[in-house]
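Residue numbers (UniProt numbering): 1 to 311.
Okay, structure coming up:
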């Protein structure tokens with residue numbers, strides 16, 4: 001008779017509020033959890049096979065595509081961890097986090113799957129173990145993960161990050177609502193990074209000054225988050241978008257959505273993540289304004305929008 005035991009794990013998305021690209025050059029960045037964008041992994045025993053069932057994939061573990069090789073390797077390591085490499089199961093994945101939009105989809109998936117396995121085997125999961133297993137998937141998917149995604153998809157507060165130096169959460173006291181919008185275009189991390197590298201070769205002083213400016217904006221954003229200054233925070237976000245656009249990592253569709261959000265009453269708006277596609281967000285005074293802004297973004301061509309209250 002098959003066991004009735006199941007294991008469930010959940011996680012959520014993240015958004016980079018400020019500091020994308022500048023963080024590569026030692027400047028601070030701030031990421032924030034998005035608990036309204038979630039992924040749930042459910043592990044159930046099965047009579048036969050090792051089956052994955054998700055939004056974008058379905059099939060046997062040893063037959064799934066190379067695009068989710070990171071997930072496959074993670075599952076193999078988890079099976080090995082619990083000494084059951086031949087265990088038969090079905091792993092179901094439900095998520096509303098868009099892929100390749102800079103919202104931490106792969107880290108959230110890895111975290112949820114790890115939690116599901118530990119829950120299934122009724123075993124406590126330490127932060128060290130959670131990070132270790134999440135990084136297995138992230139390393140294959142992204143090459144050299146900073147750990148920021150893995151930390152933020154498990155966090156309840158914003159995370160302050162300086163590459164190879166600091167990663168710590170801090171309390172936020174902010175009234176307002178975020179509206180996140182998907183351009184429908186995959187973010188292009190490698191291309192965006194190469195654009196800035198090329199800019200540094202052509203005009204180092206001006207380009208590096210812009211990178212340092214983004215770092216100073218991160219400092220100001222942190223203060224605004226802590227001191228409940230939504231209007232000032234919106235101005236900082238818009239200034240960051242102008243700087244990122246000047247660096248060449250925006251996209252006409254991102255610029256169109258940012259403009260639409262501002263015209264609809266947003267306090268500020270900017271791209272988030274790699275840019276050259278991907279996602280953007282706008283800061284609204286309240287939920288009612290957020291609905292108005294989301295409608296304007298949809299009308300301007302957003303593929304999807306999500307609303308995340310901040311208080």
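All residues carry an ideal CB built from backbone N, CA and C; glycine is no exception.
Here the structure is a predicted model, which is why all the values come from computation and not from measurement.
With DSSP run on the structure shown, which of helix, strand or coil describes residue 332? Since the displayed the chain opens at 1 and closes at 311, residue 332 lies outside it and no answer follows.
Cβ-based neighbour list, residue 253, same chain, cut-off 8 Å, excluding 5 preceding and 5 following: 183, 184, 185, 277, 301
Compute the Euclidean distance between the alpha carbons of residue 296 and residue 171, then round it to the nearest angstrom. 31 Å
Could you tell me the alpha carbon to alpha carbon distance between residue 83 and residue 46, rounded to whole angstroms? 17 Å
Considering only C-alpha positions, which residue in the set 16, 244, 205 is nearest to residue 101? 16
Please specify which runs of the beta strand (DSSP E), each continuous and at least 3 residues long, are wholly inside the UniProt domain "GHMP kinase C-terminal" (224 to 302), giving them in chain order. 268 to 272, 279 to 284
Span separating the alpha-carbon of residue 224 from that of residue 8: 37 Å
Which runs of the alpha helix (DSSP H) fall wholly inside the UniProt domain "GHMP kinase N-terminal" (74 to 151) and span at least 4 residues, in chain order? 105 to 120, 127 to 142
Please classify residue 120 as buried or exposed, where buried requires at least 16 other C-beta atoms within 10 Å of its C-beta. buried
Report the rounded CA-to-CA distance for residue 158 versus residue 48, giving the unit in angstroms. 43 Å
If you follow the beta strand (DSSP E) that residue 30 is in, where does it begin and where does it stop? 29 to 45
What's the C-alpha gap between residue 63 and residue 5? 25 Å
For residue 56, count the other beta carbons within 10 Å of its own beta carbon; 16 or more makes it buried, fewer makes it exposed. Which is it? exposed
Since I believe residue 89 is in contact with residue 44 (beta carbons under 8 Å), could you give me their beta-carbon distance rounded to a whole number of angstroms? 6 Å
Tell me where the alpha helix (DSSP H) around residue 197 begins and ends. 189 to 202
Below 8 Å on the Cβ atoms is my contact criterion, and I expect residue 312 with residue 147 to pass it. Report the Cβ-Cβ distance as a whole number of Å. The question about residue 312 has no answer, for the chain in this structure spans 1 to 311.
Could you work out which residue in 78, 168, 156 is closest to residue 135 when comparing CA atoms only? 78
Is it buried or exposed, residue 211, if we count other Cβ atoms within 10 angstroms and call 16 or more buried? buried
Any idea if residue 204 is buried or exposed, counting beta-carbon neighbours within 10 angstroms, 16 or more meaning buried? exposed
For residue 287, which residues in the same chain have their Cβ closer than 8 Å to its Cβ, ignoring the five residues on either side in sequence? 177, 307, 309
Short of 7 Å in beta carbon distance, which residues of its chain neighbour residue 96, apart from the five on each side in sequence? Order them along the chain. 37, 38
Inter-residue Cα distance where the pair is residue 87 and residue 75: 11 Å
Does the Cβ of residue 11 have 16 or more other Cβ atoms within 10 Å, making it buried, or fewer, making it exposed? buried
May I have the straight-line CA-CA distance separating residue 291 from residue 80, to the nearest angstrom? 47 Å
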